[in-house]
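Here's the structure we're looking at; comments come further down.
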Amino acid sequence: MILLTTSRRPTERIRTFCRDLAYSIPDVVRVNRGKMSLDGVGEKAIELDADKIIIVDRWQGGPGKISLFQISNGLKPVMPTMLLSNMRLKRELNERTSRICASVITIAPNIPSALKQAAESLSKFLHLPLLSLGDTVDCHRASLHFSVDSSQKLNATFMLLGQLLEIGPRLTLSRLIWDGSS
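In this text, residue positions in the sequence shown follow the working numbering: the first is 111, and each later residue adds one.
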């Protein structure tokens, strides 16, 4: 199980974004952080029998950073840390779908190696198989899809696979941090 929470003072948009993520990623439980310290978040995860944590931090009033942690003798950061330049909530996309969890991570052809590496890391962290978009089989209904748009921005979005329909949320990544120093 994975615990999903926010920075200490989240905006309404961050709370909605976390709700969208909780509906889109399997085995995620969303917890309001309140005044909990990072150690307190780790203790709450242990109490809920979660072995991983996702924290959405704010930056300039919106979601700005997604950090991943593994619980093993304390909190151990899992790379990459994802810095966001933009995001769109489920409700901001035109498609209305029921709650559908991604069962696979897919990658577009010809993506940069750093984005492919991030997809591989998230595949291990979320325990979801990693496939190219053409290799998905009928048993997968939705995916977390990594691609590059026409302006060369890195994107991660949730898609309905049968129709290749974006169901959101969509993340535009400004940077991937592969060391714990930043």
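By construction, the Cβ of each residue, glycine as well, lies at the ideal position given by its N, Cα and C atoms.
| Sequence-distant residues of the same chain with beta carbon closer than 7 Å to K145, five excluded per side | In the sequence shown, counting from the first residue as 1, residue 145 sits at position 35. Annotation for K145: R118 place their beta carbon closer than 7 Å to its own, counting only its chain and skipping 5 residues before and after.
| said: If I follow the unbroken alpha helix (DSSP H) through D130, where does it start and stop? | reply: Here residue 130 refers to the residue found at position 20 when the sequence shown is read from its first residue. From DSSP, the alpha helix (DSSP H) with D130 extends over 122-134.
| field | As assigned by DSSP and simplified to three states, the class of G174 | value | Residue 174 sits at position 64 when you count from the first residue of the sequence shown. Strand, per DSSP.
| Among all the DSSP beta bridges, which residues are the ones paired with A266? | Position 156 of the sequence shown, counted from the start, is the residue given in the question as residue 266. Answer is F256, L281, bridged to A266.
| request: Pull up the distance between the alpha-carbon of S213 and that of Y133, whole angstroms please. | output: Locating residue 213 in the sequence shown gives position 103, counting from the first residue. Locating residue 133 in the sequence shown gives position 23, counting from the first residue. CA-CA distance, S213 to Y133, rounds to 12 Å.
| Own chain, CB closer than 8 Å to R123, minus 5 neighbours either side, in chain order | By one-based count along the sequence shown, residue 123 stands at place 13. G171, G172, P173, L199, listed in sequence order.
| field | For I217: DSSP bridge partner residues | value | Your numbering for residue 217 matches position 107 in the sequence shown. DSSP lists S242, F256 as partners of I217.
| query | Does any CB atom of chain D fall closer than 8 Å to the CB of A228? | reply | In summary, chain D is missing from the structure at hand, where a single protein chain is found.
| task | Quick one: give me the first and last residue of the beta strand (DSSP E) that I163 is part of. | result | The residue labelled residue 163 in the question sits at position 53 within the sequence shown. If you look at I163, you'll find it in the beta strand (DSSP E) that goes 162-169.
| message | Applying the 10 Å Cβ sphere with the 16-neighbour rule, what's the burial state of H237? | response | Here residue 237 corresponds to residue number 127 of the sequence shown, with the count starting at 1. With fewer than 16 Cβ atoms within 10 Å of its Cβ, H237 is classed as exposed.
| request: Decide if D130 is buried, meaning its Cβ has at least 16 other Cβ atoms within 10 Å, or exposed. | output: Taking the first residue of the sequence shown as 1, we reach residue 130 at position 20. Here D130 is buried, its C-beta having at least 16 other C-beta atoms within 10 Å.
| Quick one: what's M192 bridged to in DSSP? | Along the sequence shown, one-based indexing puts residue 192 at 82. The bridge partners DSSP lists for M192 are I176, L286.
| query | The beta strand (DSSP E) spanning N112 covers which residue range? | reply | Here residue 112 refers to the residue found at position 2 when the sequence shown is read from its first residue. Inspection of the sequence shows that residue 112 is occupied by Ile rather than by Asn. In the DSSP annotation of this structure, the continuous segment of the beta strand (DSSP E) that includes I112 starts and ends at 112-116.
| request: Kindly indicate which residue of N220, W288, D149 has the alpha-carbon position closest to the one of F256. | output: What you label residue 256 is simply residue 146 of the sequence shown in a count that begins at 1. Selected option, being the one with the closest Cα: N220.
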